[in-house]
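Numbering (the numbering used here), first residue to last: 11 to 270. In what follows, a single structure is set out as structure tokens and then discussed.
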């Protein structure tokens, strides 16, 4: 039962975010992505701090090791980003960031394959994190899936636009993005069996999931929000309201889970 939920959740988080990105990317891009980024920041931070970390701590694992794992995760994600393995891009031509015409094409043209490989690695890791959450509690699993999927939509929009600018047709960009998203299913499957064999690893994988959420929110999404407000694309108060809406959603979900 848990395995079927993991497979369903990873499939939904991966493929549905790609389809949503394709639907949103061209006609509604300017009006949607910025709002999703604000909402995603609140969802990811609240999921990490209000739900994932408490679950890891309540498992009874050594608190000092969990804190060391959190620190190692944050540093590790920084290194991965510097090595361009984990890449989150929300910009596109005409986004007001002052890029020269053809900027995205110049950036992505020779690296369309790298975009897909990097995305597949990231999706695989998401699948492992979703599996760890479901192994702890199905409610936490769906909450983690929701947070990941909401963040994946603006990321996949960035990937989709970069692939188009790299010379891919719309159908090929959608197909290859969809194929790379299926790496999340593989990650969920492998994560399920690996965690079943080593139950003691579960709190530490959850802590790495929290580190991933915190890093993405603070190192990627929040700087993007600052750029948006400086360019007057989205007012800071609207950003704050949307971020707090994400926090409120997770807080209410957390209270409901504890009641039941």
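C-beta: ideal position from N, C-alpha, C; glycine also. Computed from a predicted structure; not experimentally measured.
Exposed or buried, what is residue i when buried is set at 16 or more other beta-carbons lying within 10 Å of its beta-carbon?
{"i": "residue 85", "result": "exposed"}
{"i": "residue 198", "result": "buried"}
{"i": "residue 134", "result": "buried"}
{"i": "residue 210", "result": "exposed"}
{"i": "residue 251", "result": "exposed"}
{"i": "residue 72", "result": "exposed"}
{"i": "residue 9", "result": "Shown here, the chain extends from 11 to 270; a query on residue 9 therefore has no answer."}
{"i": "residue 161", "result": "buried"}
{"i": "residue 151", "result": "buried"}
{"i": "residue 33", "result": "exposed"}
{"i": "residue 235", "result": "buried"}
{"i": "residue 123", "result": "exposed"}
{"i": "residue 262", "result": "exposed"}
Consult DSSP for residue i and reduce its assignment to one of helix, strand or coil.
{"i": "residue 14", "result": "helix"}
{"i": "residue 225", "result": "helix"}
{"i": "residue 53", "result": "helix"}
{"i": "residue 83", "result": "helix"}
{"i": "residue 170", "result": "helix"}
{"i": "residue 129", "result": "helix"}
{"i": "residue 314", "result": "Nothing in the structure corresponds to residue 314, since the chain is present only between 11 and 270."}
{"i": "residue 202", "result": "helix"}
{"i": "residue 48", "result": "helix"}
{"i": "residue 136", "result": "helix"}
{"i": "residue 257", "result": "helix"}
{"i": "residue 216", "result": "helix"}
{"i": "residue 278", "result": "Within the shown structure, residues of the chain are numbered from 11 to 270, placing residue 278 beyond reach of any answer."}
{"i": "residue 24", "result": "helix"}
{"i": "residue 245", "result": "coil"}
{"i": "residue 60", "result": "helix"}
{"i": "residue 149", "result": "helix"}
{"i": "residue 210", "result": "helix"}
{"i": "residue 108", "result": "With a pLDDT of only 42 at residue 108, under 50, the local geometry of the prediction cannot be trusted, and the value read off the model is given with reservation. Residue state, collapsed to three classes: coil."}
{"i": "residue 252", "result": "helix"}
From this set, the options, which residue's C-alpha is nearest residue i's C-alpha?
{"i": "residue 82", "options": "231, 215 and 237", "result": "215"}
{"i": "residue 87", "options": "62, 146, 228 and 201", "result": "228"}
{"i": "residue 80", "options": "90, 66 and 92", "result": "66"}
{"i": "residue 186", "options": "16, 11 and 25", "result": "25"}
{"i": "residue 169", "options": "51, 30 and 13", "result": "30"}
{"i": "residue 189", "options": "230, 127, 77 and 64", "result": "127"}
{"i": "residue 90", "options": "52, 132, 70 and 68", "result": "132"}
{"i": "residue 230", "options": "64, 123, 143 and 52", "result": "52"}
{"i": "residue 46", "options": "157, 202 and 261", "result": "157"}
{"i": "residue 143", "options": "178, 202, 237 and 123", "result": "202"}
{"i": "residue 78", "options": "217, 262, 184 and 239", "result": "217"}
{"i": "residue 15", "options": "248, 63 and 155", "result": "155"}
For a cutoff of 9 Å on Cβ pairs, would you count residue i as touching chain C?
{"i": "residue 149", "result": "Although the question refers to chain C, the structure presented lacks it and comprises just one protein chain."}
Beta-carbon separation of residue i and residue j under 9 Å?
{"i": "residue 224", "j": "residue 55", "result": "yes"}
{"i": "residue 21", "j": "residue 141", "result": "no"}
{"i": "residue 58", "j": "residue 219", "result": "yes"}
{"i": "residue 76", "j": "residue 213", "result": "yes"}
{"i": "residue 182", "j": "residue 192", "result": "no"}
{"i": "residue 278", "j": "residue 226", "result": "Outside the modelled stretch of the chain, which goes from 11 to 270, sits residue 278, for which no answer is possible."}
{"i": "residue 145", "j": "residue 205", "result": "yes"}
Would you please state the rounded distance, in angstroms, between the beta carbons of residue i and residue j? I believe it to be under 8 Å.
{"i": "residue 258", "j": "residue 61", "result": "Going by Cβ atoms, the distance from residue 258 to residue 61 rounds to 14 Å, so no, they are not a contact pair."}
{"i": "residue 136", "j": "residue 207", "result": "Contact flag wrong, Cβ pair sits at about 21 Å."}
{"i": "residue 148", "j": "residue 12", "result": "7 Å"}
{"i": "residue 222", "j": "residue 139", "result": "7 Å"}
{"i": "residue 27", "j": "residue 159", "result": "5 Å"}
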